[in-house]
Structure formats: C-alpha cells, structure tokens
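Chemist:
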Amino acid sequence: MPTSPSKMFKALLAAMLAALSLTVAAPALHAQNLPKIAVTDLSYEEKVKEYFQYFEAREKHNNSYSASERSRDSNLSSSGSSSERASSRGESSVIAASGSITMISRGELRKFTADIKGELLKSGAYRLVQGKPWTQQNTEKLYDIIDRIKKGYYPGADYVLFGTINNIDFRQESNPIQGSNAVSFSLALELVGEFSLINTRTYEIKAAFSAMGEGSDTRLANAAGTVIALNKSKVMQEVSRSLGDAVAAEMEAQFNPAASTRSSRRIERQSETVQEQKTVIFK
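Following numbering that gives the first Met the number 0, the numbering of the sequence shown begins with 0 at its first residue and continues without gaps.
(1) Nearest to A210 by CA position, among D157, E249 and S185, is which residue?
(2) Is the distance from the Cβ of L190 to the Cβ of S42 below 7 Å?
(3) By DSSP's criteria, P175 is part of a beta bridge. Which residues make up the other side?
(4) Would you kindly report the start and end of the unbroken alpha helix (DSSP H) that includes I145?
(5) So which of Q236, F208 and K59 has the shortest CA-CA distance to N165?
(6) DSSP beta-bridge partners for V38?
(7) F169 and L196 look like a contact to me (Cβ under 8 Å); what is the Cβ gap, rounded to whole Å?
(8) Just checking, does the stretch 231-249 make contact with the stretch 102-118 on the three C-beta pairs under 8 Å criterion?
(9) With distance defined between alpha-carbon atoms, name the residue in E58, L119 and T138 nearest to E45.
(10) Pull the bridge partners of D168 from the DSSP assignment, please.
(11) Buried or exposed, going by whether 16 or more other CB atoms sit within 10 Å of the CB of V226?
(12) Which residues bound the beta strand (DSSP E) around A210?
(13) On the three-state DSSP scale, how would you describe L120?
(14) Starting from L127, follow the beta strand (DSSP E) in both directions and report where the run begins and ends.
(15) If you draw a straight line from the alpha carbon of I36 to that of P175, how long is it in whole angstroms?
(16) Taking the alpha-carbon of E172 as reference, which of A228, G151, G178 and K131 has the nearest alpha-carbon?
(17) According to DSSP, simplified to helix, strand and coil, what is A248?
(18) Take L119 and list the residues in its own chain whose beta-carbon comes closer than 6 Å to its own, dropping the five residues that flank it on each side.
(19) Would you identify the three-state DSSP class for K140, choosing helix, strand or coil?
(20) Use the C-beta contact count for T134: other C-beta atoms within 10 angstroms, 16 or more gives buried, fewer gives exposed.
(21) Could you check what DSSP says for A228 in three-state terms: helix, strand or coil?
(22) Do Y152 and K131 have their CB atoms nearer than 7 Å?
What follows is the structure, given as structure tokens:
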C-alpha cells in the first residue's frame with residue numbers, strides 16, 4: 000500500500016528534528032565533559048632586611064653607714080664612747096648589640112589572574128570554577144596546595160592550577176639618544192611565575208611550567224628637565240595579558256596537546272605588537 004505524501008512529510012520532518020536535536024545536544028554534552036579547573040591567586044614570598052641597634056646600661060650600688068657617740072661629764076668623773084662604720088658596693092654593666100633581621104612576608108597577590116582565566120576560557124578546552132581565597136598571612140602552609148584541596152578550597156574542580164611568583168623585575172630608566180637632544184624615558188615590568196596543574200582526586204601533576212608576563216611604556220622628550228608621566232596602567236595590563244597568553248599556551252601544549260592553533264595565534268600577535276613611542280615637543 001503506497002505511503003501518502005503527508006505521512007512521508009511527517010517522517011522526514013521527524014528525522015530532521017531528531018538530527019537537529021542531536022546537533023544541538025552535542026556541544027552541550029561536549030561542554031559537560033570538559034575538565035573543570037580552579038585558578039589560584041599567585042602566591043608570593045618576600046624577604047625584607049631591617050637594621051637594628053640595641054644599647055642598655057645598668058648600674059647597681061649599695062651604701063651603708065652607721066655612727067654612734069655617747070659622753071657624760073660631771074664634777075666627779077668624765078666618760079665618752081664613739082663608734083663609726085661604713086660600707087660601699089658598686090656594680091655596673093653595658094650591653095650593646097647591632098645587626099640585621101630578615102623578615103619573611105607570605106601571601107597571595109590578587110592580580111594578574113583574570114587574563115589567565117580569560118585565555119583558558121577562550122581556548123574552549125576547559126571550564127573554570129571559583130575557589131575560596133587564601134586569607135592567612137605569613138605561614139608556610141601557603142604552599143601546601145594538597146592541604147587546601149583536602150579542606151575543600153576548590154569545590155567542584157577536577158584540577159587546580161597553582162601559581163607562585165618566582166621573580167618581579169621593575170625598571171624605570173631615562174637614556175639620552177645619541178646624535179640628538181632627545182631623551183628616552185621607559186617604564187618596564189617583568190613577572191615570572193611557576194605553575195602546576197594538580198588533579199584534585201589523585202594529586203597527580205598533569206602540567207608544570209614557568210611563564211613570563213612583560214609590559215613597558217616608552218616616551219621621548221626633547222627638552223632637558225622635562226617631567227614625563229609614564230602609563231603604569233598600560234604596563235600592568237600588558238603584563239597581565241602576556242602572562243595569561245603564556246600560561247594558556249603552556250596548558251595547551253602539556254595538558255591539551257591536540258590543540259595547536261593558539262601557538263600560531265600567539266606568534267602572530269607578537270609579530271604585530273609594536274612598541275608605542277610618543278614625542279613631547281617643547282617650543
């Protein structure tokens with residue numbers, strides 16, 4: 000018995016809807032299977048030396064004195080008596096010391112992680128969850144990331160990206176340009192961090208690397224004694240963005256080797272970056 004056109008149309012429509020639902024559900028299912036990562040704030044340790052000088056003088060003295068005198072005089076007889084005692088003690092001391100004390104400050108830097116999270120999200124390979132901040136100060140437990148995982152600082156995370164600051168180099172320079180009366184003023188900041196990606200269930204390290212963020216601002220002036228205001232915000236933004244890009248590239252290479260487009264995009268971005276220079280002219 001031949002199938003009516005209406006039935007054929009309904010069957011075709013049902014097949015198209017089923018295919019469309021699979022197409023829509025596939026990305027959602029893929030997103031659910033993506034690993035969930037918590038990114039910690041960057042831990043730091045700073046050593047500060049302070050000079051001290053101590054001086055103390057002590058003196059102790061004990062004095063005692065006793066005197067007695069008695070006399071009698073009459074027409075018949077005369078008598079007298081006299082007694083005297085003395086004692087003295089003394090003790091003095093001086094304490095002097097000088098030197099330096101090294102104090103260690105530890106904590107977490109609440110900066111430079113927003114662009115790390117942003118680059119990880121743009122890769123489409125991860126989901127991010129927010130962990131609890133570390134609020135304790137000056138304790139070596141800051142680096143015990145396993146203890147923090149066990150205490151539930153990162154609920155719902157499959158992995159924790161733990162970062163520590165290894166070095167910060169800040170430079171502000173002014174250099175005359177040969178052959179002219181212009182002076183180049185520059186402000187630069189470099190930050191190097193070390194990162195480990197840790198499985199929250201097995202504590203296995205899935206990736207480990209160092210990454211650097213850098214930024215600078217340069218201005219030119221052709222008058223002696225010119226005061227130049229360099230853009231610190233621009234420098235900080237460049238450091239944050241370049242650090243985020245470097246971290247995401249290392250994550251892609253070690254934890255998600257299949258994706259290789261980021262490296263090429265990063266090379267293109269670096270080749271297109273031109274250092275901004277401004278000339279201030281005074282007439």
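Glycine included, every Cβ here is placed at the ideal spot set by N, Cα and C.
Modeler: The relevant details are as follows:
(1) The residue labelled residue 210 in the question sits at position 211 within the sequence shown. Closest option to A210, Cα to Cα, is E249.
(2) To locate residue 190, count along the sequence shown from 1; it is residue 191. To locate residue 42, count along the sequence shown from 1; it is residue 43. Not in contact: L190 and S42 (Cβ atoms no closer than 7 Å).
(3) For the purposes of this step, residue 175 is taken as residue 176 along the sequence shown, with counting starting at 1. Beta-bridge pairing links P175 to V182.
(4) In the sequence shown, residue 145 corresponds to position 146, counting from 1. Per DSSP, the continuous alpha helix (DSSP H) segment holding I145 begins and ends at I144 to K149.
(5) Counting from 1 along the sequence shown, the entry for residue 165 is found at position 166. Considering only alpha carbons, the answer is F208.
(6) Start at 1 with the first residue of the sequence shown, and residue 38 comes out as number 39. Looking at the DSSP assignment, V38 forms a beta bridge with L160.
(7) Taking the sequence shown and counting its residues from 1, the one referred to as residue 169 is at position 170. Taking the sequence shown and counting its residues from 1, the one referred to as residue 196 is at position 197. F169 to L196, Cβ: 28 Å. No contact.
(8) Using a C-beta cut-off of 8 Å, the stretch 231-249 makes contact with the stretch 102-118, since at least three inter-stretch Cβ pairs fall below that distance.
(9) Within the sequence shown, numbered from 1, the residue matching residue 45 stands at position 46. When only C-alpha atoms are compared, the closest one is T138.
(10) The residue you call residue 168 lines up with position 169 of the sequence shown. In the DSSP output, where bridge partners are listed per residue, D168 has E189.
(11) Taking the first residue of the sequence shown as position 1, residue 226 is located at position 227. Counting Cβ neighbours within 10 Å, V226 comes out exposed, since fewer than 16 surround it.
(12) Walking along the sequence shown from the start, residue 210 turns up at place 211. Residues I204 to A220.
(13) As a working note, residue 120 is residue 121 in the sequence shown. Reduced to three states, the DSSP call for L120 is helix.
(14) Position 128 of the sequence shown holds residue 127. Residues R126 to V128.
(15) Here the question's residue 36 lines up with position 37 in the sequence shown. Here the question's residue 175 lines up with position 176 in the sequence shown. Rounded to whole angstroms, I36 to P175 spans 48 Å at the Cα level.
(16) The residue given as residue 172 occupies position 173 in the sequence shown. Nearest to E172 by alpha-carbon distance, out of A228, G151, G178 and K131, is A228.
(17) The residue labelled residue 248 in the question sits at position 249 within the sequence shown. Residue state, collapsed to three classes: helix.
(18) Position 120 of the sequence shown, counted from the first residue, corresponds to residue 119. Correct list, in chain order: Y125 and A247.
(19) In the sequence shown, the residue the question calls residue 140 occupies position 141. It is helical.
(20) What you label residue 134 is simply residue 135 of the sequence shown in a count that begins at 1. Exposed: under 16 other Cβ atoms inside 10 Å.
(21) In the sequence shown, counting from the first residue as 1, residue 228 sits at position 229. A228: coil per DSSP, three-state reduction.
(22) On the sequence shown, residue 152 is found 153 positions in, with the first residue counted as 1. On the sequence shown, residue 131 is found 132 positions in, with the first residue counted as 1. Going by C-beta atoms, Y152 is nearer than 7 Å to K131.
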